[in-house]
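Presented below is the structure to which this report refers.
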Amino acid sequence: MPLELVTLPCLADNYAYLVHDPASGATAVVDVPEAAPILAALSARGWGLTDIWLTHHHNDHIDGVPALRSATGAKVTGAAADAHRLPPLDTALPDDGTFTFAGQTVETFPVPGHTIGHIAFHIPAAHLAFTGDSLMAAGCGRLFEGTPAQMWASLSRLAALPGETLICSGHEYTTGNLRFAQTLEPANPALISRIERVAGLRRESLPSVPVPLSEECDTNPFLRAHLPGLKSAIGRPDASDVETFAEIRARKDRF
Numbered sequence: 001m002p003l004e005l006v007t008l009p010c011l012a013d014n015y016a017y018l019v020h021d022p023a024s025g026a027t028a029v030v031d032v033p034e035a036a037p038i039l040a041a042l043s044a045r046g047w048g049l050t051d052i053w054l055t056h057h058h059n060d061h062i063d064g065v066p067a068l069r070s071a072t073g074a075k076v077t078g079a080a081a082d083a084h085r086l087p088p089l090d091t092a093l094p095d096d097g098t099f100t101f102a103g104q105t106v107e108t109f110p111v112p113g114h115t116i117g118h119i120a121f122h123i124p125a126a127h128l129a130f131t132g133d134s135l136m137a138a139g140c141g142r143l144f145e146g147t148p149a150q151m152w153a154s155l156s157r158l159a160a161l162p163g164e165t166l167i168c169s170g171h172e173y174t175t176g177n178l179r180f181a182q183t184l185e186p187a188n189p190a191l192i193s194r195i196e197r198v199a200g201l202r203r204e205s206l207p208s209v210p211v212p213l214s215e216e217c218d219t220n221p222f223l224r225a226h227l228p229g230l231k232s233a234i235g236r237p238d239a240s241d242v243e244t245f246a247e248i249r250a251r252k253d254r255f
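Each residue of the sequence shown is one higher than the one before, starting from 1 at the first, in the UniProt record's numbering.
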């Protein structure tokens with residue numbers, strides 16, 4: 001039986017994700033901005049929580065962990081390199097590794113840039129990737145700790161996943177990200193179509209995530225910094241990929 005995915009709005013614009021295996025009853029949550037919406041969703045479905053997976057240490061991704069762990073007894077998994085900034089971990093992950101959830105392999109790897117210790121969770125058989133605030137819907141996280149080179153490498157690694165992979169990111173920032181993307185590629189037909197679709201979703205107060213990686217590659221300027229068209233759009237046709245990414249990120253910071 002396939003894994004079930006539930007996208008849960010939290011706080012003002014955060015998302016947590018439930019991943020449930022109907023066969024075993026195992027359920028993981030990715031990031032815990034607050035406990036109440038997650039507990040309500042579990043109760044409504046009659047699910048028990050077995051695992052908590054954390055992408056990075058920022059408060060709006062971990063503040064609900066103590067209450068959720070106390071209520072459910074779920075085991076907490078996060079990056080060993082960031083253990084000093086995360087809630088106490090039951091499983092501390094190496095920089096690159098795998099573990100098993102409900103009989104499926106979960107790949108984990110570092111995606112520094114937004115923070116140094118940020119990691120992603122990838123379930124290949126389920127075509128799911130949980131990217132937190134690294135690769136985001138039509139955007140990427142601000143570089144609070146890392147460098148443009150680090151973030152570009154992280155995004156390039158994520159972009160190499162299969163195109164059907166659903167990118168489950170941490171915030172509802174899509175509308176603003178798309179407005180910015182349109183300043184760079186106003187004639188991109190895939191971008192125009194996505195803007196219209198997301199506007200419809202948001203009018204109904206529906207999440208704009210997750211999103212297939214293939215759509216991100218067609219519309220997200222931060223994944224497209226290697227393309228001659230993006231280099232020309234910023235007036236630097238001879239810039240390196242990292243230089244192009246850095247300029248796009250700087251423009252977004254001022255947008």
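Don't be surprised by glycine CBs; every beta carbon is placed ideally from N, CA and C.
Point to revise | I144 to G113 span [Cα, whole Å] | key: As a first step, residue 144 must be located in the sequence shown, where it is residue number 144. As a first step, residue 113 must be located in the sequence shown, where it is residue number 113. Reading off the sequence shown, one finds Phe at residue 144, where the question assumed Ile. Computed Cα separation, rounded: 7 Å.
Review point. Skipping 5 residues on each side, what residues in its chain have a beta carbon closer than 6 Å to that of A79?
Key: What you label residue 79 is simply residue 79 of the sequence shown in a count that begins at 1. Around A79, the same chain offers L93, G117, I119 as residues with beta carbons nearer than 6 Å, after the five sequence neighbours per side are excluded.
Exercise for review: Quick one: residues in its chain with C-beta nearer than 8 Å to the C-beta of T131, no 5 flanking neighbours on either side, listed in chain order?
Suggested key: The residue labelled residue 131 in the question sits at position 131 within the sequence shown. T55, V111, A120, L158, I167, C168, S169, G170.
Check your understanding: In angstroms, rounded to a whole number, what distance separates the CA positions of V30 and V19?
Key -> Translated into positions along the sequence shown, residue 30 becomes position 30. Translated into positions along the sequence shown, residue 19 becomes position 19. It is roughly 8 Å from the alpha-carbon of V30 to the alpha-carbon of V19.
Point to revise | Distance cut-off 6 Å: S154 Cβ against heavy atoms of the ligand FAD | key: Among the components modelled here there is no ligand, and therefore nothing to report on the ligand FAD.
**Study point:** Residue environment, F101, which counts as buried when at least 16 other CB atoms sit within 10 Å
**Key:** Start at 1 with the first residue of the sequence shown, and residue 101 comes out as number 101. With a threshold of 16 other beta carbon atoms within 10 Å, F101 meets it and is buried.
Review point. Under a Cβ-count criterion, where at least 16 other Cβ atoms within 10 Å of its own Cβ denotes burial, should S70 be classed as buried or exposed?
Key: Counting from one through the sequence shown, the residue named residue 70 turns up at place 70. Label assigned to S70: exposed.
Exercise for review: Just the C-alpha distance for N188 and Q182, rounded to the nearest angstrom, thanks.
Suggested key: Stepping through the sequence shown from its first residue, residue 188 is reached at position 188. Stepping through the sequence shown from its first residue, residue 182 is reached at position 182. Between N188 and Q182, the C-alpha separation is close to 8 Å.
**Study point:** Alpha-carbon spacing of L184 relative to F222, whole angstroms
**Key:** One-based indexing of the sequence shown puts residue 184 at position 184. One-based indexing of the sequence shown puts residue 222 at position 222. Going by the C-alpha atoms only, they are around 11 Å apart.
Review point. Would the beta-carbon of A225 fall within 7 Å of that of F255?
Key: Position 225 of the sequence shown holds residue 225. Position 255 of the sequence shown holds residue 255. Contact flag unset, no.
Review point. Taking C-alpha atoms, which residue in I52, D238, A26 lies nearest to E34?
Key: Numbered from 1 along the sequence shown, position 34 holds the residue referred to as residue 34. If we check each option's Cα against that of E34, I52 comes out closest.
Exercise for review: Could you pull the start and end residues of the beta strand (DSSP E) that I119 belongs to?
Suggested key: Counted from its first residue, the sequence shown places residue 119 at position 119. From DSSP, the beta strand (DSSP E) with I119 extends over 119-123.
Practice item. For L213, I'd like the list of residues in its chain whose CB is within less than 8 Å of its CB, leaving aside the five on either flank, ordered along the chain. Key: Here residue 213 is taken as the residue at index 213 of the sequence shown, counted from 1. Taken in chain order, the residues that qualify are A129, L158, A159, L161, P162, G163, E164, T165, L166, I167.
**Study point:** Nearest to T107 (by Cα), restricted to the options L89, H127, P88, T115
**Key:** For this step, residue 107 is matched to residue 107 along the sequence shown. Residue identity check: residue 107 is Glu in the sequence provided, not Thr. The shortest C-alpha separation from E107 is found at H127.
Review point. Are the Cβ atoms of L68 and V32 separated by less than 7 Å?
Key: Within the sequence shown, numbered from 1, the residue matching residue 68 stands at position 68. Within the sequence shown, numbered from 1, the residue matching residue 32 stands at position 32. It is a contact, given that the beta carbons lie within the stated cut-off.
Review point. Using the rule of at least 16 other Cβ atoms within 10 Å of the residue's Cβ for burial, across every protein chain shown, is D90 buried or exposed?
Key: Position 90 of the sequence shown, counting from 1, holds the residue named residue 90. That one is exposed.
Review point. Which residues mark the beginning and the end of the alpha helix (DSSP H) in which S205 is found?
Key: Position 205 of the sequence shown holds residue 205. For S205, no alpha helix (DSSP H) segment is defined, and its DSSP state is neither H nor E.
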